[in-house]
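Q: Numbering (UniProt numbering), first residue to last: 1 to 148.
Where a beta carbon is used, it is the ideal one built from N, C-alpha and C, also for glycine.
One structure, as structure tokens, below. Some questions next.
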């Protein structure tokens, strides 16, 4: 079978999977329930933007601090940095979110609401990625430019 034949068969199968009645009436602004649902979605969008911006700012700061030991001459600091970055990058973000929201209050006896648990978990996850970005960017600079 050719690629085109497989594509046409899959398209034919997928067209029978839906009747195109998506139920947009739940967001209809002409009804009271629709207005309530739209307000709920806008509030969620607002929270998402706040969590994203806060975690990005914290992750950049933490990522730069985490990247600095990778640039040192101490093998112990480099080793510790590699362990942190590789372990954090290997944990799925959803697992990290669950551990921060449910595990951290139990282990550290602190109370976290959903907003700050999300900010902390995303900061931890993104800080390891940002550390690699900063490390790679700094190491890409030629020695001549460092001395200039």
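(1) Buried or exposed: residue 15, going by 16 or more other Cβ atoms within 10 Å of its Cβ?
(2) According to DSSP, simplified to helix, strand and coil, what is residue 48?
(3) How about residue 127 and residue 62: do their beta carbons lie closer than 8 angstroms?
(4) Tell me the rounded alpha-carbon separation between residue 135 and residue 71.
(5) Could you tell me the distance, in whole angstroms, from the CA atom of residue 77 to the CA atom of residue 94?
(6) Is it right to say residue 110 is buried, meaning 16 or more other beta carbons lie within 10 angstroms of its own, or is it exposed?
(7) Give me the residue from 125, 113, 7, 54 with the minimum Cα distance to residue 101.
(8) Where in the UniProt domain "ABC transmembrane type-1" (45-148) do unbroken runs of the alpha helix (DSSP H), each at least 4 residues long, occur, reported from the N-terminal end onward?
(9) Report the rounded CA-to-CA distance for residue 139 versus residue 86, giving the unit in angstroms.
(10) Taking a contact to mean a Cβ-Cβ separation below 8 angstroms, would you say residue 55 touches residue 11 in this structure?
(11) Measure how close the beta-carbons of residue 27 and residue 34 come, nearest whole angstrom, since I'm counting them as under 8 angstroms.
A: To lay it out plainly:
(1) So residue 15 ends up on the exposed side.
(2) In the structure shown, residue 48 sits in a helix (DSSP, three-state: H, G or I).
(3) For residue 127 and residue 62, yes; Cβs fall inside 8 angstroms.
(4) Per the coordinates, the alpha-carbon of residue 135 lies some 7 angstroms from the alpha-carbon of residue 71.
(5) The C-alpha of residue 94 is placed about 29 angstroms away from the C-alpha of residue 77.
(6) Using a 10 angstroms sphere on the CB of residue 110, the tally of other CB atoms stays under 16, which defines it as exposed.
(7) Measuring C-alpha to C-alpha distances from residue 101 to each of 125, 113, 7, 54 identifies 113 as the nearest.
(8) At a cut-off of 4 residues, the continuous stretches assigned as alpha helix (DSSP H) that sit fully inside the UniProt domain "ABC transmembrane type-1" (45-148) are 75-90, 93-98, 104-108, 114-139, 143-147.
(9) For residue 139 and residue 86, the distance between alpha carbons rounds to 18 angstroms.
(10) Going by C-beta atoms, residue 55 is not nearer than 8 angstroms to residue 11.
(11) Sure, about 6 angstroms apart at Cβ, within 8 angstroms.
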